[in-house]
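In this note's numbering, the protein residues as written are 120 to 205. Positions of the beta carbon are idealized from the N, C-alpha and C atoms, including for glycine. In this text the structure is predicted, and so the values were computed from the model without any measurement. Since the structure comes first, as structure tokens, the remarks are kept for the end.
Here it is as structure tokens:
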């Protein structure tokens, strides 16, 4: 069983974690593409990337995505109080 230890990090180091994770994923993806066939989506198309660098488009996946139209938020306004004449 492994024990987790708390690591003290500066704000700068903590801010770098997402960037380092993206960089690590990118490097792993490039290594996978160089060594074997990789299938992924790119611009709404299913792509097979071969080790020699060739890309084969397998299928159009554009129909699987739904475009969402932004809706305007309704602004609530207070009604002005009507003064009654007595």
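Item                                                                                                               : Value
Need the endpoints of the alpha helix (DSSP H) that residue 165 sits in, please.                                   : Careful: residue 165 lies outside any alpha helix (DSSP H), inside the beta strand (DSSP E) at 164-168.
Are there 16 or more other CB atoms within 10 angstroms of the CB of residue 168, so buried, or fewer, so exposed? : buried
DSSP state of residue 139, grouped into three classes?                                                             : helix
What are the start and end residues of the beta strand (DSSP E) that includes residue 160?                         : 157-161
How far does the beta strand (DSSP E) with residue 194 in it extend, from its first residue to its last?           : Premise fails: residue 194 is in no beta strand (DSSP E) and is neither H nor E.
How long is the line joining the alpha carbons of residue 136 and residue 142, rounded to whole angstroms?         : 10 Å
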